[in-house]
Structure formats: C-alpha cells, structure tokens
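Below is one structure, written out as structure tokens; comments come after it.
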Amino acid sequence: MTFAQAAAEPLNSAEALARTAWSALDHAYGAAQDVPRILLDLTDPDLRVRSKALSRLHHVVHHQNTLYTATAPAAVFVAGILGDARTLEAVEKERHAFPGPMRAELLGWLDSVANAADDEAAATMRLFGFPPEEHPPFVAICRIRPQLFQAVSAFLHDRDPDVRAAAISACIPLVDDPRLIHHRDTLAPMLRGCLATSALWQYQERAIEALEGWGQDTTGLEVRQERYAFCDAAHQPQTRAAGAQAWDAADLPF
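Those letters in the sequence shown? Residues 4 to 257, per our numbering, in order.
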C-alpha cells in the first residue's frame, strides 16, 4: 500500500535543527536552548545517553502531554530521523515500558504529541474555555500533521511488529486532519488486524475507540484484559507509547 504525500514538505532534521531559534522557544522548564542536545542524543551510541535523551523528550519537551512552542520543531526533527538506522538501537526500559527499539519509542512520542492536538483534545480545550486555535503550540502541531503522517506511515508495514504497531497507533490522531481524513478507510483494517489483536490491552482499546469514532464496525472486538490489571504485572507496559492519556483540567497547557 502506498499512501499519498498529502501535500507534505520533505522533512530535513538537520535543517530543522539549524533553522530553529530554540532559545526563543519554551518547554516545561523554560527556554528551550537545550533541546538540540536532547534531540541529537537520541541517536547517541551510548545506551545511557540516548535513554536519558528519550526521557527528557517526554518529560521536558512534552511534559504530561502538554504542547510547548518547542514541541512542534522537535517533532519535525524526530519524524525526520525515524529512518535513521541508529533508531534501531535498544533503549533502556522502565518496568512497564512498551517493547521495541528507539524507533518504536519515537513513534510513541509522536503519537502522544499528535494526540494532544487531535479532535478530542480540541473539544476538551473548548469545554474549559480555551479555544485551541488561539494556542500557538496546538496550531503548530496541526500545521505539520501531513509531514508527520508522511514520516510515520512509512513504517506501517515494518518487519518489526513493535515498530509496526507503534506506527499504526501514531497515525490515528494524525488522520483527524481534514487533509488526511481520507486515509481512515485504509488504516481501519490495520487497526483490526494489528492493534485490536495485540497482546497489549492499550492497543486493543485504542483500536476499538478509533474505529468507533470513525464510524467503523467493531463487532467482535473487545479489550481482552482489565485495563488496570497490568499494574501488578511485570511484563505489561505503561500507556505512554500507545498515545497520550485523556485530558483533564490538570493537563491543560495554560
């Protein structure tokens, strides 16, 4: 299957890194001049260095599912390096982390970023009196969704099942974009055949919710594990890489 380019400009990570005035942007802890180092360290040959960089990507650049002015340019960089062979390297895992190499983790991060700018996030912001179109980080993520989709969709048929599942999941919030919504019909069988049959309840739940939201038939699909049973199971992952949690008032980026 070949996906349309969706009017996306090519992603150039080196250019994105060089042309961005990082010190004029912000993340969870202030000015974002340290973000280039975080991004470059994602492909460091040292396991500890790249693992720390991944942690900082989550907890600094996209802290608690919040979008900052540095998040969109960081997402452009991350999407641009997905095809780099160095993203096939391992990364240190927490007890409940999702399986897979750095590439799967980066797809999970892009999934979370895109979730924070999907239709549900927009509706929640409006519910709390914050029009998303007046929040520049939200607008910035929406603007680059075609580029992110182009990069992510390249791994929908990846040989690595963890990378493949992460890519399919990351496409779900991206195709809320009016320019990409026509891809839902092509993605739906992948949600049924990969995510809904995954051993991970997070992917099962995500597939069912997305298919229902798209008006697709979910007959016979069910989450086969109690969603909180994983807390005491060492082999079950956290939800981080499967996309962001639902927004509540404490998550609003204001």
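Built from N, CA and C at the ideal position, the CB exists for glycine as well.
- Ser156 is positioned such that its CB atom lies closer than 8 Å to that of Cys174.
- Cβ neighbours of Gln219 within its own chain (closer than 6 Å, five residues either side excluded): Ala191.
- Membership of Cys174 in the alpha helix (DSSP H) is indicated by the continuous run Pro164 to Leu177.
- Sorting Ala34, Gly83 and Ser58 by C-alpha distance to the C-alpha of Lys96 places Ser58 at the top.
- Cβ-Cβ distances below 7 Å link Arg106 to Leu85, Thr90, Leu91 and Val166 in the same chain, with the five nearest sequence neighbours on each side left out; the list follows chain order.
- According to the DSSP assignment, Gly86 belongs to no alpha helix (DSSP H), since it is labelled neither H nor E.
- With a threshold of 16 other beta carbon atoms within 10 Å, Asp121 meets it and is buried.
- Annotation note: the region 183-226 contains the following uninterrupted alpha helix (DSSP H) runs of length 4 or greater, listed N- to C-terminal: 187-193 and 204-216.
- Along the length of the region 47-101, whole alpha helix (DSSP H) runs at least 4 residues long occupy 50-59 and 74-84, reported in chain order.
- For the 8 Å CB-CB criterion, Ala169 and Gly216 do not form a contact.
- In chain order, Val178 place their CB closer than 7 Å to the CB of Ile184, counting only its own chain and leaving out the 5 sequence neighbours on each side.
- One Cα belongs to Ala73, the other to Val52, and the distance between them is close to 21 Å.
- In terms of Cβ geometry, Pro181 and Asp114 do not form a close pair [threshold 8 Å].
- Taking a C-beta distance under 8 Å as the contact criterion, Leu70 and Phe158 do not qualify as a contact pair.
- Only residues of its own chain outside the window of five on either side were considered, and among them none has a CB closer than 6 Å to the CB of Leu50.
- Of the residues Ser54, Met128 and His138, the one whose Cα lies closest to the Cα of Pro104 is Ser54.
- In this structure Leu28 is not in contact with Ala19, their Cβ atoms being roughly 12 Å apart against a cut-off of 8 Å.
- Residue environment for Glu108: buried (at least 16 other C-beta atoms within 10 angstroms of its C-beta).
- In the three-state DSSP reduction, Ala34 falls in the strand class (E or B).
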